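The working numbering numbers the first residue of the sequence shown as 8 and each following residue consecutively.
Note that CB positions come from ideal geometry on N, CA and C, so glycine has one too.
Owing to the predicted nature of the structure, the values given are computational and were not obtained by experimental measurement.
Written out below as structure tokens is the structure these notes cover.
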Amino acid sequence: MRTLVDLGGLAILYAYQSQWKSSHIQRELETIQTILNSQYEQYKQARRAVDMINYRYHDLKNHIIALRADGSDSKRNEYLDKLENEIHDYEAMNKTGNQVLDTLLTSKNLRCVQHKIDMTCVIDGKLFDSMDVMDICSIFGNALDNAIECELKIKDYGKRMIHVDAFSERSFLIIRFENYYEGEIRFERGLPVTSKIEKSLHGYGLKSLRYTVHKYKGEVQIDARDNWFSLRILIPLEVEKTSFE
8 MRTLVDLGGL
18 AILYAYQSQW
28 KSSHIQRELE
38 TIQTILNSQY
48 EQYKQARRAV
58 DMINYRYHDL
68 KNHIIALRAD
78 GSDSKRNEYL
88 DKLENEIHDY
98 EAMNKTGNQV
108 LDTLLTSKNL
118 RCVQHKIDMT
128 CVIDGKLFDS
138 MDVMDICSIF
148 GNALDNAIEC
158 ELKIKDYGKR
168 MIHVDAFSER
178 SFLIIRFENY
188 YEGEIRFERG
198 LPVTSKIEKS
208 LHGYGLKSLR
218 YTVHKYKGEV
228 QIDARDNWFS
238 LRILIPLEVE
248 KTSFE
């Protein structure tokens, strides 16, 4: 009888643990989905803002043409040359070949400019033509938000640097996010540990990113050494293309 009672107790304990684990996984998936939706909403807001910037950009080009035609004052032309160069920099920065990426990168770069963060991008946007919009938002939105948050902790503006590149190599799509950091970064289960007091939602951005990459049978590698934080993503191009045919 005692053995039966013990076995019954173990069965109840096992059932409770299984139920708790299932509930925990469900809550985690719901949180990840919420973050995915949040990144997509941010993208839609950024799309509207970037459209407005592009309208102003074209208007400004026309104003420059009109000002140049009106007289030949040397200082004014010098000012116009400088302004035109800045416009050309903006134009080149936002042309990756993918409209979703152009919008996201413009939005994030505007935030970087506001906080004196130097962000450079070398991206072949056509590699993302088969990828779902929400998945692009998840990967780039979460990775860049994480990098920007790290840079904001650095007091020396000259050290606030983020670099992003995306290219194909040996049938793989490779995406790299690198940013300078100071201090020490600790890892648990492959993710950096926050130093914030509020830890309940920390790490879910990168979890959401990793969840998205795994949908494409890809892998995420995170490393931190010599004051550079590196997030590297590898996605088989064959799998990505056949997934959306």
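Starting from the Cα of residue i, find the closest Cα among the options and give me that residue.
| i | options | result |
| --- | --- | --- |
| MET126 | LYS115, GLY225 and LEU134 | LYS115 |
| TYR223 | ALA173, ILE242, GLY212 and ASP233 | ILE242 |
| ASP152 | ARG217, ARG118, PHE179 and VAL107 | ARG118 |
| ASP139 | VAL220, ILE229, ASP230 and ARG239 | VAL220 |
| GLY112 | CYS157, VAL171 and SER137 | Note that residue 112 is Leu in the sequence shown, not Gly. Among CYS157, VAL171 and SER137, the Cα nearest to that of LEU112 belongs to VAL171. |
| MET141 | ARG183, ASN84, ASP233 and LEU108 | LEU108 |
| ARG177 | GLU245, ASN84 and VAL200 | GLU245 |
| ARG232 | VAL120, LYS123, ILE192 and TYR218 | ILE192 |
| LEU198 | GLU156, HIS122, ILE146 and ARG217 | ARG217 |
| LYS253 | PHE174, ASP80, ILE130 and SER81 | In the structure as shown, the chain starts at 8 and stops at 252, and residue 253 therefore has no counterpart that could be examined. |
| ILE161 | TYR211, LYS133 and HIS122 | HIS122 |
| GLN228 | TYR211, ILE182 and GLY212 | ILE182 |
| GLU226 | SER137, LEU180, GLY212 and TYR211 | LEU180 |
| SER137 | CYS128, GLN106 and ASP88 | GLN106 |
| ALA154 | GLY212, GLY132 and PHE135 | GLY212 |
| CYS128 | ASP80, ILE169 and VAL200 | ILE169 |
| CYS144 | LYS133, THR110, ASP80 and LEU134 | THR110 |
How should residue i be labelled, buried or exposed, when 16 other C-beta atoms within 10 angstroms of its C-beta is the threshold for buried?
| i | result |
| --- | --- |
| ARG196 | exposed |
| ARG215 | It should be pointed out that residue 215 corresponds to Ser in this sequence rather than to Arg. The residue in question, SER215, is buried, as its Cβ has 16 or more Cβ neighbours within 10 Å. |
| GLY148 | buried |
| ASN69 | exposed |
| GLU205 | Unreliable positioning characterises GLU205 in this predicted model, as indicated by a pLDDT of 45, which lies under 50. The coordinate reading is nonetheless provided below. With fewer than 16 other Cβ atoms within 10 Å, it is exposed. |
| LEU238 | buried |
| GLY190 | exposed |
| GLY104 | exposed |
| PHE194 | exposed |
Would you please state the rounded distance, in angstroms, between the beta carbons of residue i and residue j? I believe it to be under 8 Å.
| i | j | result |
| --- | --- | --- |
| TYR187 | TRP235 | 6 Å |
| ARG167 | GLU158 | 4 Å |
| PHE174 | ALA150 | About 16 Å separates the two Cβ atoms, so there is no contact after all. |
| ILE240 | ILE146 | 7 Å |
Looking at the C-beta of residue i, does it have a partner C-beta in chain D at a distance below 9 Å?
| i | result |
| --- | --- |
| VAL171 | Chain labels in this structure do not include chain D; a single protein chain is all it has. |
Output the residue ranges of the alpha helix (DSSP H) runs that lie fully inside the segment 119 to 197 and measure 4 residues or longer, sorted by chain position. 140 to 143 and 149 to 158
What are the uninterrupted segments assigned as beta strand (DSSP E) that are 3 or more residues long and contained completely in the segment 216 to 249, given in chain order? 226 to 232 and 235 to 243
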